Amino acid sequence: MLKSSLLEILRTFSKQELEKFEDFIRSPYFNKKENVLQLFLGIKRHAPSFESNDLEKESVWKLLFPEREYNYGTMKNIIHDLTKLSEKFILLEHYSEDSYRCEYDLIEAANSRNIQRFTSGKIDQFEKRVRSEIDPNKYSMIDDLLYITTNFYYAKSSFIQEYNLKHDREDSLRLASEHSLHYFFINSFKLIHNTFAHEVQGNRPVSKTLLEKFFLKLEEHSILEDLLLNDNKDQDKLTKIVTCFYLMYRALTSDGDKASYDKFKSYLRENIKLFSAFELQNLNNCRNTCAINLKTPGSNGAKESLEWHKLLMEKNLFLQRNGLITTPVMSNVINYSIQLNETAFAEEFLNRYAGKLPAESRDNTYNYCMAMIHFSRKEFGKSLECLSKISDEKLIRKYFLKNFILRSIMNSMIMNLLFMHLIHLHISKREIN
0 MLKSSLLEIL
10 RTFSKQELEK
20 FEDFIRSPYF
30 NKKENVLQLF
40 LGIKRHAPSF
50 ESNDLEKESV
60 WKLLFPEREY
70 NYGTMKNIIH
80 DLTKLSEKFI
90 LLEHYSEDSY
100 RCEYDLIEAA
110 NSRNIQRFTS
120 GKIDQFEKRV
130 RSEIDPNKYS
140 MIDDLLYITT
150 NFYYAKSSFI
160 QEYNLKHDRE
170 DSLRLASEHS
180 LHYFFINSFK
190 LIHNTFAHEV
200 QGNRPVSKTL
210 LEKFFLKLEE
220 HSILEDLLLN
230 DNKDQDKLTK
240 IVTCFYLMYR
250 ALTSDGDKAS
260 YDKFKSYLRE
270 NIKLFSAFEL
280 QNLNNCRNTC
290 AINLKTPGSN
300 GAKESLEWHK
310 LLMEKNLFLQ
320 RNGLITTPVM
330 SNVINYSIQL
340 NETAFAEEFL
350 NRYAGKLPAE
360 SRDNTYNYCM
370 AMIHFSRKEF
380 GKSLECLSKI
390 SDEKLIRKYF
400 LKNFILRSIM
410 NSMIMNLLFM
420 HLIHLHISKR
430 EIN
């Protein structure tokens with residue numbers, strides 16, 4: 000059971016989420032099986048790591064049925080039921096965070112029941128919200144928002160005709176077209192970036208895709224430049240977001256032209272508050288790929304990346320919508336800081352955001368990062384001490400960590416030998432005198 004999907008899911012739950020999940024299981028609407036509730040209550044006491052040997056199936060069975068002989072089939076079914084409930088819980092939690100999708104789906108649900116006046120009112124409410132706000136904290140990826148708004152305006156054009164609403168149908172069709180095109184552009188530019196990134200990472204070059212050929216043809220005739228740059232002196236928020244991705248695309252395909260890269264980077268900085276933390280990390284990955292492709296000698300990718308992360312830190316844009324920072328982002332900041340010999344900043348950053356790391360990997364990530372910081376300061380004993388606290392077997396088995404441990408041991412031994420040699424020289428000198 001220790002390697003089950005159920006415990007893998009539960010390890011991601013915060014203390015508050017575990018309480019909410021218990022309420023969820025206790026609700027007769029979602030669960031009517033007492034054994035399933037008792038299973039959760041039995042394993043909940045082993046949170047947050049859920050690593051105890053008491054979580055083996057046979058041990059849990061004794062907790063549930065102390066007087067009965069172990070039955071594999073029954074135990075499997077109870078675990079299966081609780082796993083399905085945990086899946087439904089994280090799905091509903093994820094869904095409830097996407098307020099745009101919830102509001103739009105309510106309109107569709109009401110429309111399917113032909114609740115005309117209610118549907119009409121919800122259409123007006125949703126449209127006012129869409130027109131007045133594009134809040135970076137309300138979505139993770141701009142694609143999600145555009146997907147919803149495209150479908151909304153398209154559906155609204157049908158509602159106007161069906162319900163005989165006093166709305167401008169032409170305006171809804173125009174907005175549906177614009178948002179659909181924006182959605183297509185952003186997804187396309189992201190996909191093209193991933194193709195470039197695949198090659199940058201040392202993989203075999205990918206032959207030009209149909210999508211890349213399509214955009215190259217558009218660029219030959221300056222169609223995108225006219226649409227997004229020349230014809231939009233007073234851009235709205237969505238157009239600015241699309242333009243940012245377009246400038247990223249141009250920087251990628253400019254054959255390492257620094258002017259194109261600087262234009263993208265400058266535009267992104269100017270409009271940084273239009274993006275969610277998650278989207279900013281995506282765009283930083285794009286910026287990094289563009290920087291690697293630069294033909295300018297002497298460019299320092301680590302320095303630029305660290306400056307970018309410091310900017311996000313200054314503007315409080317590091318945390319995702321769930322209030323957490325991802326492990327890769329933490330590792331990147333620490334690595335860049337160490338490369339630039341800014342270990343004081345690395346430690347400051349780690350201590351500031353360590354509590355925001357995912358609970359299931361928090362301690363291991365913290366100890367690994369501190370080990371790297373100590374190693375870079377030539378504090379090899381402290382580095383080994385931190386490495387010894389890492390309990391993640393998968394992480395320990397990885398080559399890079401084994402290599403790191405060996406390097407720490409070797410350097411620690413060398414430093415000890417050097418220290419002993421210096422003591423010996425000091426003693427010898429005193430004896431001679």
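At position 326 of the sequence shown the residue is numbered 325 (numbering that gives the first Met the number 0), and the sequence of numbers has no breaks. Backbone N, C-alpha and C fix where the C-beta goes; we use that ideal spot for every residue, glycine too. All values derive from a computational prediction rather than experimental measurement.
- Task: Would you check if the distance between the CB atom of Leu226 and the CB atom of His178 is smaller than 8 Å?
- Result: no
- Query: In whole angstroms, what is the alpha-carbon distance linking Glu224 and Asp235?
  - Reply: 16 Å
- Item | For Lys189, the nearest candidate out of Ser4, Asn363, Ser98 and Phe244 (CA to CA) | Phe244
- Query: Can you give the Cα-Cα distance for Gln435 and Pro47, rounded to whole angstroms?
  - Reply: The structure shown does not extend to residue 435, since the chain is modelled only from 0 through 432, so no value can be given for it.
- Would you kindly check if the distance between the Cβ of Ser382 and the Cβ of Asn363 is under 8 Å? no
- Message: The alpha helix (DSSP H) that contains Ile333, what's its start and end?
- Response: Thr326 to Gln338
- Item | Cβ shell of His373 (< 6 Å), same chain only, five flanking positions each side left out | Lys381 and Ser382
- Query: To the nearest angstrom, how far is it from the Cα of Tyr398 to the Cα of Asn52?
  - Reply: For Tyr398, the pLDDT reaches just 40, beneath the cut-off of 50, and the residue's location in the model is therefore unreliable, although a value from the coordinates is still provided. Rounded to whole angstroms, Tyr398 to Asn52 spans 28 Å at the Cα level.
- Item | Neighbourhood of Ser157 by C-beta, 7 Å cutoff - its chain only, sequence neighbours within 5 removed | none
- Do you know offhand how far Val241's Cα is from Ser111's? 33 Å
- alpha helix (DSSP H) runs contained entirely in the region 194-228, provided each spans 4 or more residues: 209-219
- Query: Exposed or buried, Ile122, counting other C-beta atoms within 10 Å across all chains shown (16 or more means buried)?
  - Reply: buried
- Task: Would you identify the three-state DSSP class for Leu416, choosing helix, strand or coil?
- Result: Only weak support exists for where Leu416 lies, its pLDDT of 46 falling under 50; the value from the coordinates is given anyway. Of the three classes helix, strand and coil, the one that applies to Leu416 here is helix, per DSSP.
- Query: If you draw a straight line from the C-alpha of Lys87 to the C-alpha of Phe263, how long is it?
  - Reply: 41 Å
- Could you tell me whether the region 27-38 touches the region 328-343, using the rule of 3 or more Cβ pairs below 8 Å? no
- Message: Three or more C-beta pairs under 8 Å: does that hold for the region 68-87 against the region 2-13?
- Response: yes
- Item | Three-way DSSP call (helix, strand, coil) for Gln319 in this model | coil
- Message: In whole angstroms, give me the CA-to-CA distance for Ile185 and Asp142.
- Response: 7 Å
- Message: Buried or exposed for Tyr152, going by 16 or more other Cβ atoms inside 10 Å?
- Response: buried
- Task: Within 10 angstroms of the Cβ of His220, are there 16 or more other Cβ atoms? Answer buried if so, exposed if not.
- Result: exposed
- Message: In this structure, how does DSSP classify Asn292 when only helix, strand and coil are distinguished?
- Response: coil
- Query: What separation, rounded to the nearest whole angstrom, lies between the Cα atoms of Leu421 and Ser387?
  - Reply: Per-residue confidence for Leu421 stands at a pLDDT of 42, beneath the threshold of 50, marking its modelled position as unreliable; no derived number is given.
- Message: Alpha carbons only, please: which of Asn284, Ala258, Tyr248 and Lys239 is nearest the one belonging to Glu269?
- Response: Lys239
- Since Leu310 is in the alpha helix (DSSP H), which residue starts that stretch and which ends it? Gly300 to Glu313
- Task: Note down, in chain order, each residue of its chain lying with its Cβ closer than 7 Å to the Cβ of Ile324, except the 5 sequence neighbours on either side.
- Result: Phe317, Leu318, Tyr352, Lys355 and Leu356
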